[in-house]
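Numbering (this note's numbering), first residue to last: 1 to 178.
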């Protein structure tokens with residue numbers, strides 16, 4: 001299987017080089033053809049022509065490498081940001097669960113934060129908690145979508161998930177980010 005990955009990588013590399021090469025070759029060709037004969041009164045020699053092609057190829061490889069290198073740096077930064085977002089969400093969910101646990105409760109209200117991803121929080125009568133829960137729900141959903149975009153397996157969970165199960169899922173996602 002590694003051989004197929006190698007062949008695919010070589011194909012992408014050659015495609016990037018060809019894309020850069022045709023622009024450079026075109027620029028070099030137009031420049032040489034435009035100015036060589038009127039200035040020197042004769043055609044370009046073969047060694048000079050091939051030196052120009054080699055220079056174009058060199059710069060095409062360099063530009064293709066530079067473009068891919070920038071993409072790799074951005075991808076690495078994005079993965080690091082996903083890890084930081086996982087940590088941040090775990091911390092914020094833990095803080096909210098503790099805040100709820102320590103808050104004043106009416107008779108019959110549960111002691112712990114129940115079903116943090118449930119949409120019923122929008123209609124909750126608790127003063128500030130629906131906003132905080134909604135904010136964290138949106139951040140969690142966005143994080144899950146971003147994880148899917150980098151091919152990290154994100155299984156669907158029930159909206160009735162408990163806080164410990166949600167925290168466990170977030171920690172598991174962080175471990176899967178390479």
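Even for Gly, the Cβ is constructed at its ideal location relative to N, Cα and C. Computed from a predicted model, the values in this text were never measured in an experiment.
- request: Name the two residues that bound the continuous alpha helix (DSSP H) containing residue 140.
  value: Where residue 140 is concerned, the enclosing alpha helix (DSSP H) starts and stops at 129-149.
message: Taking the straight line between their C-alpha atoms, what separation do you get for residue 137 and residue 75?
response: Approximately 25 Å between the Cα atoms of the pair.
message: Are the CB atoms of residue 152 and residue 173 within a distance shorter than 8 Å?
response: When the beta-carbon positions are compared, residue 173 and residue 152 come within less than 8 Å of each other.
message: For residue 164, tell me which candidate among 39, 49, 97 has the shortest Cα-Cα distance.
response: The shortest CA-to-CA distance from residue 164 to any of 39, 49, 97 is the one to 97.
message: Across the region 50-64 and the region 19-36, are there enough close Cβ pairs to call them in contact, namely three or more that are closer than 8 Å?
response: Short answer: they touch.
- prompt: Which residue comes first and which comes last in the alpha helix (DSSP H) that contains residue 55?
  reply: For residue 55, the enclosing alpha helix (DSSP H) begins and ends at 46-102.
8 Å Cβ shell around residue 77 - same chain, five flanking residues per side excluded: Within the same chain, residue 77 has no close Cβ partners at all.
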